[in-house]
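Taken in sequence, the protein lines are chains W and Y.
Be aware that the first sequence starts at 1, since it is given in the UniProt record's numbering, and climbs by one per residue.
Be aware that the second sequence starts at 1, since it is given in the UniProt record's numbering, and climbs by one per residue.
Number of protein chains: 2
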Amino acid sequence: MQVQVIKADQDIVREGDRPSRSCLLLSGFTCVYKITAGGKRQIVSFNIPGDIPDLQSLHLKVLDNSVATISQCRVGFITHDDLRDLCNRYPRITSAFWRETLIDAAIFREWVTNVGRREGVSRMAHVLCELLVRLKAVGLVEDHACDLPITQSEFADALGFTTVHVNRVLQQMRAEGLIELKGERLTIPDWERLKQVGEFDPTYLHLENDQAAA
Amino acid sequence: MQVQVIKADQDIVREGDRPSRSCLLLSGFTCVYKITAGGKRQIVSFNIPGDIPDLQSLHLKVLDNSVATISQCRVGFITHDDLRDLCNRYPRITSAFWRETLIDAAIFREWVTNVGRREGVSRMAHVLCELLVRLKAVGLVEDHACDLPITQSEFADALGFTTVHVNRVLQQMRAEGLIELKGERLTIPDWERLKQVGEFDPTYLHLENDQAAA
DNA sequence: CGATGGCTTGAAATCTCTCAAAGAAAGTGG
DNA sequence: CCACTTTCTTTGAGAGATTTCAAGCCATCG
Numbered sequence: 001m002q003v004q005v006i007k008a009d010q011d012i013v014r015e016g017d018r019p020s021r022s023c024l025l026l027s028g029f030t031c032v033y034k035i036t037a038g039g040k041r042q043i044v045s046f047n048i049p050g051d052i053p054d055l056q057s058l059h060l061k062v063l064d065n066s067v068a069t070i071s072q073c074r075v076g077f078i079t080h081d082d083l084r085d086l087c088n089r090y091p092r093i094t095s096a097f098w099r100e101t102l103i104d105a106a107i108f109r110e111w112v113t114n115v116g117r118r119e120g121v122s123r124m125a126h127v128l129c130e131l132l133v134r135l136k137a138v139g140l141v142e143d144h145a146c147d148l149p150i151t152q153s154e155f156a157d158a159l160g161f162t163t164v165h166v167n168r169v170l171q172q173m174r175a176e177g178l179i180e181l182k183g184e185r186l187t188i189p190d191w192e193r194l195k196q197v198g199e200f201d202p203t204y205l206h207l208e209n210d211q212a213a214a
Numbered sequence: 001m002q003v004q005v006i007k008a009d010q011d012i013v014r015e016g017d018r019p020s021r022s023c024l025l026l027s028g029f030t031c032v033y034k035i036t037a038g039g040k041r042q043i044v045s046f047n048i049p050g051d052i053p054d055l056q057s058l059h060l061k062v063l064d065n066s067v068a069t070i071s072q073c074r075v076g077f078i079t080h081d082d083l084r085d086l087c088n089r090y091p092r093i094t095s096a097f098w099r100e101t102l103i104d105a106a107i108f109r110e111w112v113t114n115v116g117r118r119e120g121v122s123r124m125a126h127v128l129c130e131l132l133v134r135l136k137a138v139g140l141v142e143d144h145a146c147d148l149p150i151t152q153s154e155f156a157d158a159l160g161f162t163t164v165h166v167n168r169v170l171q172q173m174r175a176e177g178l179i180e181l182k183g184e185r186l187t188i189p190d191w192e193r194l195k196q197v198g199e200f201d202p203t204y205l206h207l208e209n210d211q212a213a214a
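#1: Where L83 of chain Y and F97 of chain Y are concerned, what is the direct C-alpha to C-alpha distance, given to the nearest angstrom?
#2: By Cβ distance below 7 Å, which residues in the same chain neighbour T30 of chain W in space, the five residues on each side in sequence not counted?
#3: Is DSSP giving residue 218 of chain Y helix, strand or coil here?
#4: In terms of residues, what are the limits of the alpha helix (DSSP H) holding D82 of chain Y?
#5: So what does DSSP say about residue 215 of chain Y, is it helix, strand or coil?
#6: Nearest to L135 of chain Y by alpha carbon, out of Y:I179, Y:T101 and Y:L186?
#7: Using 10 angstroms around the beta-carbon of P19 of chain W, count the other beta-carbons present and answer buried if the total reaches 16, otherwise exposed.
#8: Go ahead and label V138 of chain Y buried or exposed: buried means 16 or more other beta carbons lie within 10 angstroms of its beta carbon, across all protein chains shown.
#9: Below 8 Å on the Cβ atoms is my guess for L26 of chain W versus V75 of chain W; work out the distance and round it to an integer in Å.
#10: Enumerate in chain order the residues of its own chain whose CB-to-CB distance from F155 of chain Y is below 6 Å, with the five nearest sequence positions on each side excluded.
#11: Does the beta carbon of P149 of chain Y fall short of 7 Å from some heavy atom of the ligand FAD?
#12: Could you compute how far the alpha carbon of L24 of chain Y sits from the alpha carbon of S57 of chain Y?
#13: What is the DSSP secondary structure of E130 of chain Y, reduced to helix, strand or coil?
#14: List the residues of chain W whose Cβ lies closer than 7 Å to the Cβ of T36 of chain Y, in chain order.
#15: If you measure beta-carbon to beta-carbon, which residues of the region 12–37 of chain Y are closer than 7 Å to chain W?
#16: Taking only beta-carbon positions, decide if W98 of chain W is within less than 8 Å of chain Y.
#17: Nearest to K195 of chain Y by alpha carbon, out of Y:H126, Y:E142, Y:E110 and Y:T203?
#18: Which chain Y residues sit within Cβ distance under 9 Å of D9 of chain W?
#19: Would you tell me roughly how many angstroms separate the C-alpha atoms of R14 of chain W and L63 of chain W, rounded to the nearest one?
#20: Beta carbons nearer than 9 Å to chain Y: which residues of the region 136–159 of chain W have them?
#21: Out of curiosity, what's the CA-to-CA distance linking L131 of chain Y and H144 of chain W?
#22: Return the CA-CA distance between I103 of chain Y and D81 of chain W, expressed in angstroms with no decimal places.
#23: Thinking just about the alpha-carbon of each residue, which of Y:G16, Y:T101 and Y:Y204 is nearest to the one in V133 of chain Y?
#24: Indicate the three-state DSSP secondary structure (helix, strand or coil) for T203 of chain Y in the structure shown.
#25: Give the interface partners of K40 of chain W over in chain Y, defined as CB-CB distance under 9 Å, in chain order.
#26: Quick check on S22 of chain W: does DSSP put it in helix, strand or coil?
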């Protein structure tokens, strides 16, 4: 595995690429995004350490999305040949990788639902809940607080909002005591309430030990 | 494989189920959907003959979505045990199935983008383009026309609109000569223009022979 | 210290929803 | 085969959520 440090706001791979390797995110945040013909950006998922944002390129030749760093990241590149060897030698690994991509798909499904059917505060709360639970699962949450280097305009691209609207939604959430968010630090004063506002049910994340979601 | 005929508007599997088999759609249309805590429905994809809407349940124990028939359907059920046997015996099959689920994921990504960043006519045009191309790939399109038993309220649930709005969008599209749609019959007078309005690029469908998309 | 990127604000314009009702179309039972 | 019911489509008008445009503020960084 070839490890590399990439600074913030850089594309790791681009839509249309035909990569011969995939990347394992070791530290930092990345996002998977698409650009519409009209020039608008939609982030379709956030990646946290442990994720392999472009594992699908192992079986789909052409990338239909880009992956970019949100913060500075450490990334490990593994060639598809090596991955295939691994899969051939240990069928268990095939299943595990396959399962990872299925969970990615489950997250996309949930995002379609979130963007299509929830509004304002509720939509934002839902993504925050997802991030919290996933970060907790990899040990990046202490005391209902975590580092979150995501800008308001990145949230906008993830939620299908404008930056202006994200700003107003966040203000409302702060006013209601749903979140504390300053700089890159997010704190959740009342997890149960945030979950309720975001209509958040972590089933779709298919976590092995469900306690992380509690 | 156990074949069964299921009438329209029936759930085949439900969110929360732990199925021990998956279903292959032989004829008819189904959809994958989720219900939010607020009681709203979001369809996250349409299925056409040849699809296996719940193949993911092979590796994810609990279903995080439901699958329902849209029209009357013929469905073939295959047990997970049989599927696993197949995969073990023929690694090629594993790859093929895995690839199918990766394409599903690619479609979800596109839908997030569609719902998040396109509006009105453009959003509707995009789903129609996707349906056309996929139906063409399985031989269900002749002369830029196909059967499409999807109601306006189902389109609404797929696009994140209300039924009323879908109705108005469709009227506008008819008025602009983008589509002809009466009853269950859809005709596309000008494919290039519809593609352009829907900002449709079929790359994400990862079709083997790209001509289908032309 | 100026520059850059990110955050905040206001007001008007749009898109989409809600509510409510009526007109087609399709299926059901007698 | 008709009357009846149900579902699907269509319409109007007012309300709401979100966008657009435009500007000012704040922090960070070289």
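Ideal Cβ positions, reconstructed from N, Cα and C, are used throughout, including at glycine.
The answer reads as follows:
#1: 10 Å
#2: I12, N47, P53, V67, A68, T69, I70 and C73
#3: In the structure as shown, chain Y starts at 1 and stops at 214, and residue 218 of chain Y therefore has no counterpart that could be examined.
#4: H80 to R89
#5: With chain Y represented from 1 up to 214, any question about residue 215 of chain Y goes unanswered, as that position is not in the structure.
#6: Y:L186
#7: buried
#8: exposed
#9: 6 Å
#10: V166
#11: The ligand content of the structure shown is nil, which means the ligand FAD is not present either.
#12: 13 Å
#13: helix
#14: T113, R117, R118 and E199
#15: K34, T36 and A37
#16: yes
#17: Y:H126
#18: By Cβ distance, chain Y contributes nothing, its closest Cβ being about 20 Å from D9 of chain W, past 9 Å.
#19: 7 Å
#20: D157, A158 and L159
#21: 44 Å
#22: 21 Å
#23: Y:Y204
#24: helix
#25: T113, G116, R117 and R118
#26: strand
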